[in-house]
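Please read the structure below before turning to the comments.
There are 2 protein chains.
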Amino acid sequence: MNVMNSVTKPHERLADLLKDELADVNALIRDRMASDHAPRIPEVTAHLVEAGGKRLRPMLTLAAAKMCGYAGPYHIHLAATVEFIHTATLLHDDVVDESAKRRGRPTANLLWDNKSSVLVGDYLFARSFQLMTETGNLRVLRILSNAAATIAEGEVLQLTAAQDLTTTEAIYLQVVRGKTAALFSAATEVGGVIADRPEPEIKALFDYGDALGIAFQIVDDLLDYWGGDATGKNIGDDFRERKLTLPLIKAYAAANDEERAFWKRVIEKGDQRDGDLERALELLNTHGALEATRQEALSWAAKAKTAMQSLPQSEMRDLLIDLNDYVVARVN
Amino acid sequence: MNVMNSVTKPHERLADLLKDELADVNALIRDRMASDHAPRIPEVTAHLVEAGGKRLRPMLTLAAAKMCGYAGPYHIHLAATVEFIHTATLLHDDVVDESAKRRGRPTANLLWDNKSSVLVGDYLFARSFQLMTETGNLRVLRILSNAAATIAEGEVLQLTAAQDLTTTEAIYLQVVRGKTAALFSAATEVGGVIADRPEPEIKALFDYGDALGIAFQIVDDLLDYWGGDATGKNIGDDFRERKLTLPLIKAYAAANDEERAFWKRVIEKGDQRDGDLERALELLNTHGALEATRQEALSWAAKAKTAMQSLPQSEMRDLLIDLNDYVVARVN
Chain A
573 MNVMNSVTKP HERLADLLKD ELADVNALIR DRMASDHAPR IPEVTAHLVE
623 AGGKRLRPML TLAAAKMCGY AGPYHIHLAA TVEFIHTATL LHDDVVDESA
673 KRRGRPTANL LWDNKSSVLV GDYLFARSFQ LMTETGNLRV LRILSNAAAT
723 IAEGEVLQLT AAQDLTTTEA IYLQVVRGKT AALFSAATEV GGVIADRPEP
773 EIKALFDYGD ALGIAFQIVD DLLDYWGGDA TGKNIGDDFR ERKLTLPLIK
823 AYAAANDEER AFWKRVIEKG DQRDGDLERA LELLNTHGAL EATRQEALSW
873 AAKAKTAMQS LPQSEMRDLL IDLNDYVVAR VN
Chain B
573 MNVMNSVTKP HERLADLLKD ELADVNALIR DRMASDHAPR IPEVTAHLVE
623 AGGKRLRPML TLAAAKMCGY AGPYHIHLAA TVEFIHTATL LHDDVVDESA
673 KRRGRPTANL LWDNKSSVLV GDYLFARSFQ LMTETGNLRV LRILSNAAAT
723 IAEGEVLQLT AAQDLTTTEA IYLQVVRGKT AALFSAATEV GGVIADRPEP
773 EIKALFDYGD ALGIAFQIVD DLLDYWGGDA TGKNIGDDFR ERKLTLPLIK
823 AYAAANDEER AFWKRVIEKG DQRDGDLERA LELLNTHGAL EATRQEALSW
873 AAKAKTAMQS LPQSEMRDLL IDLNDYVVAR VN
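Chains as they are written, first to last, in my numbering: chain A, 573 to 904; chain B, 573 to 904.
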């Protein structure tokens with residue numbers, strides 16, 4: 573564990589610096605998740621939106637816009653847009669993964685039903701497009717609608733790659749870019765776009781969000797085999813769901829014949845028995861797959877840092893650099 | 573059955589008149605349902621898009637744009653947008669309704685799985701927003717993103733109204749506006765908007781689409797109790813799914829105590845036995861609920877006709893009027 577845990581965490585410092593804007597974003601979210609006709613919509617949405625998420629993605633948009641000197645009102649709309657897209661994705665993910673818990677609470681698909689999660693997710697997607705349209709900025713609309721398509725494509729790719737041991741690191745990276753990095757990079761990029769900054773700065777903001785998102789997801793996938801103690805992760809979820817994440821892909825690439833037979837049984841056939849998770853963890857360690865995964869996360873975090881350091885120094889910029897360090901601190 | 577069935581149907585004549593544009597729309601749809609990374613996406617989409625739907629909604633957009641004298645390229649994008657929104661909605665509907673058949677073929681959720689239907693639907697929603705953004709017309713973006721929100725809201729409302737015998741005709745109308753009329757009215761309205769027509773004409777196009785969509789859905793709901801022979805409908809599906817459609821709402825409003833007990837058992841409790849559908853049909857007839865529903869459909873069709881007749885005469889306008897007549901001809 574890192575020394576950063578003993579002081580205020582970077583996302584908490586960001587939240588403090590952005591507290592007025594975040595209050596506006598929360599008010600806009602509450603306003604737009606309302607429905608005159610279908611009270612089920614705000615019920616389901618509130619369950620998720622108010623469950624104590626860190627508002628990481630909307631904070632990225634607010635921080636990027638502010639460090640770019642944006643003085644208009646639309647970073648609030650864009651931050652709410654990003655959170656709505658994220659929330660819609662979570663609702664649909666929990667249906668697809670048949671999840672029972674999210675952020676420590678029962679999922680909407682469990683509390684209500686899959687139907688409500690699907691349809692309320694659709695409503696939030698539509699609301700997000702209404703919100704971004706209100707900015708009147710066509711470039712922002714292109715970036716965010718492209719991100720939405722990339723997210724869905726990544727989710728479908730993840731679905732078809734599940735249980736498939738031929739999944740490569742390149743496919744894994746596409747899945748990660750889709751399911752996580754696309755929204756991170758769009759969130760930071762639009763901050764520069766509405767502030768009308770020069771192209772190299774917008775590019776740097778995109779690169780930061782992209783690399784931060786990838787590092788974030790690799791850490792998440794690593795902690796699924798390495799977490800425990802204070803990380804709040806439940807070890808072995810991906811293993812049980814037979815997801816091909818980076819640690820497993822690396823271990824399978826280095827496996828001998830006997831080990832390949834093991835992975836085929838537990839991942840392809842889904843025949844998992846007592847002791848199999850322990851055996852999997854042992855193989856991941858034997859082949860250095862966890863350590864190699866950790867190095868990959870650190871390498872993406874370094875790219876994010878380099879991108880951000882190319883931008884003019886400011887308090888907000890330095891906080892975004894700290895946030896990036898914090899994302900990998902859990903495995904550093 | 574109406575004499576119109578013996579000659580070419582209005583939607584076939586529309587398709588003939590718009591065949592070049594429809595070919596462009598189909599090419600654009602094929603192009604945009606592709607995915608470099610996830611072949612599952614075009615597989616699922618093609619199954620539905622190429623299943624021989626009538627392309628009614630995209631034809632409305634093309635026809636409206638042409639009758640308004642639009643000479644640019646974007647009615648093609650808007651028609652493809654409308655079809656993508658419709659297709660995404662069908663994919664999610666079939667998950668929500670747990671349907672096994674659509675257009676006479678097994679549904680995607682049956683052929684693949686619910687997960688694929690949810691995620692491919694999300695992809696098509698995102699694609700539809702990319703397409704409409706390409707028009708660069710912010711008013712069109714507002715209209716279509718509002719329509720998407722109204723559709724999702726209507727679907728949620730339908731979900732919560734199911735099995736609820738206190739559902740009123742006003743709630744039914746909201747559901748119908750959401751699930752069907754919102755996309756019809758957006759489809760015709762955007763045709764006038766991209767052609768930059770005066771506000772009263774745009775309003776008339778909206779009113780036509782709105783009333784046509786409502787008439788279309790009421791006819792569909794009526795045929796669920798009245799179809800059979802040549803309508804292609806499977807009698808009693810809504811009854812079995814305990815949906816509160818207009819015929820049932822009218823019959824329940826006129827029911828005596830003994831009949832109310834019957835409806836409570838079969839709709840609220842879902843305790844349906846042999847002979848219950850026959851009993852339901854008898855009650856719908858006894859109270860004139862089917863005839864009153866038919867009158868309502870005809871009344872909405874008359875509104876659609878009036879709206880369209882307010883616009884300058886043209887071949888396309890007259891075909892849209894014929895289309896409207898055709899929609900209710902199945903029950904006329």
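Note that CB positions come from ideal geometry on N, CA and C, so glycine has one too.
Keep in mind it's a predicted model, so treat the numbers as computed, not measured.
Whose CA, out of A:Lys877, A:Phe811, A:Met888, lies closest to the CA of Asp897 of chain A? A:Lys877
Can you give me the Cβ contacts of Gly808 of chain B inside the same chain, cut-off strictly under 6 angstroms, excluding the 5 residues immediately before and after it? Leu849
What does the Cβ neighbour count give for Asn828 of chain B, buried or exposed, with the cut at 16 atoms within 10 Å? Exposed is the label assigned to Asn828 of chain B, since fewer than 16 other Cβ atoms lie within 10 Å of its Cβ.
With distances taken from CA atoms, which of B:Leu628, B:Asp608, B:Ala610, B:Arg585 is nearest Asn598 of chain B? B:Leu628
Hey, does Arg602 of chain A have any beta-carbon neighbour from chain B nearer than 8 angstroms? No, its Cβ sits nowhere closer than 8 angstroms to a Cβ of chain B.
Buried or exposed for Ala754 of chain A, please, with buried defined as at least 16 other CB atoms from any protein chain shown within 10 angstroms of its CB. buried
Give the range of the alpha helix (DSSP H) segment to which Val728 of chain B is assigned. 710 to 733
The ligand ATP heavy atoms versus the CB of Tyr780 of chain A: any closer than 7 angstroms? Here there are no bound small molecules, and the ligand ATP is not part of this structure.
Relative to the C-alpha of Ile910 of chain B, which residue among B:Asp736, B:Arg837, B:Ser757, B:Leu729 is closest? This structure does not reach residue 910 of chain B, given that chain B is present from 573 up to 904, and the question cannot be answered.
For Phe778 of chain A, which residues in chain B fall below 9 angstroms Cβ to Cβ? What Phe778 of chain A touches in chain B: nothing, since even the nearest Cβ is about 18 angstroms away.
Name the residues in the region 691 to 708 of chain B whose C-beta lies less than 7 angstroms from a C-beta of chain A; which are they? Flagged, chain order: Leu691, Val692, Asp694, Tyr695, Phe697, Ala698, Arg699, Phe701, Gln702, Thr705, Gly708.
Residues of chain A with CB closer than 9 angstroms to the CB of Val540 of chain B, please, in chain order. Given that chain B is displayed from residue 573 to residue 904, the structure contains no residue 540 of chain B and the question cannot be resolved.
Taking the beta carbon of Ala643 of chain B as the centre, do at least 16 other beta carbons fall within 10 Å, making it buried, or is it exposed? exposed
Is Leu710 of chain A close to chain E? Criterion is C-beta to C-beta, closer than 8 angstroms. The structure shown contains no chain E; the protein chains it does contain are A and B.
Going along chain B, which residues have a C-beta under 9 angstroms from Gln789 of chain A? In chain order: nothing, as chain B lies at least about 16 angstroms away.
Short CB-CB distance (under 8 angstroms) between Asn718 of chain A and chain B: Closer than 8 angstroms: yes.
Which residues in chain B have a C-beta closer than 7 angstroms to the C-beta of Ala721 of chain A? List them in chain order. Simply Tyr695, Ala698, Arg699, Gln702.
Could you spell out where the alpha helix (DSSP H) holding Thr865 of chain B opens and where it closes? 861 to 881
Secondary structure of Pro582 of chain A, DSSP reduced to three states: helix
For Asn686 of chain B, does the count of other Cβ atoms within 10 angstroms reach 16, so buried, or fall short, so exposed? buried
So, at 6 angstroms on beta carbons, what are the nonlocal neighbours of Ala879 of chain A in its own chain, with the 5 sequence-adjacent residues on each side left out? Ala776, Asp779, Tyr780
Kindly identify the DSSP beta-bridge partner or partners of Arg677 of chain A. According to DSSP, Arg677 of chain A bridges with A:Arg674.
With 16 as the cutoff for other CB atoms within 10 Å, does Gly676 of chain B come out buried or exposed? Gly676 of chain B should be labelled exposed.
Output, in chain order, the set of chain A residues within a Cβ distance shorter than 7 angstroms of Thr878 of chain B. Residues of chain A passing the Cβ test: none, with the nearest at roughly 27 angstroms.
Give the interface partners of Val668 of chain A over in chain B, defined as CB-CB distance under 7 angstroms, in chain order. Lys687, Val690, Leu691
Going by beta carbon distance, what residues of the same chain come within less than 6 angstroms of Val838 of chain B, once the five residues before and after it are set aside? Gln844, Asp848
Taking Leu703 of chain A and His649 of chain A to be in contact with their CB atoms under 8 angstroms, please state how far apart those CB atoms are, rounded to whole angstroms. 5 angstroms
Taking 8 angstroms as the CB-CB cut-off, is Ile648 of chain B touching chain A? no
On the three-state DSSP scale, how would you describe His649 of chain B? Residue state, collapsed to three classes: helix.
Does any C-beta atom of chain B lie closer than 8 angstroms to the C-beta of Arg612 of chain A? yes
With 8 angstroms set as the bound, which would you pick, yes or no: does the beta-carbon of Leu816 of chain B sit closer than that to a beta-carbon of chain A? no
What are the boundary residues of the alpha helix (DSSP H) that Ile786 of chain A is part of? Run containing Ile786 of chain A: 771 to 798, per the alpha helix (DSSP H) assignment.
Can you check which of these residues, A:Ala635, A:Ala680, A:Gly764, A:Ile743, is closest to Pro582 of chain A by C-alpha distance? A:Ala635
Say whether chain A places a C-beta atom closer than 8 angstroms to the C-beta of Gln735 of chain B. Cβ-Cβ to chain A under 8 angstroms: no for Gln735 of chain B.
Which chain A residues are close to Leu731 of chain B, counting only those with a beta carbon under 9 angstroms from its beta carbon? Ala610, Arg612, Asp685, Lys687, Ser688, Leu691
Could you tell me the boundaries of the alpha helix (DSSP H) in which Pro819 of chain B lies? First-last of the alpha helix (DSSP H) with Pro819 of chain B: 818 to 825.
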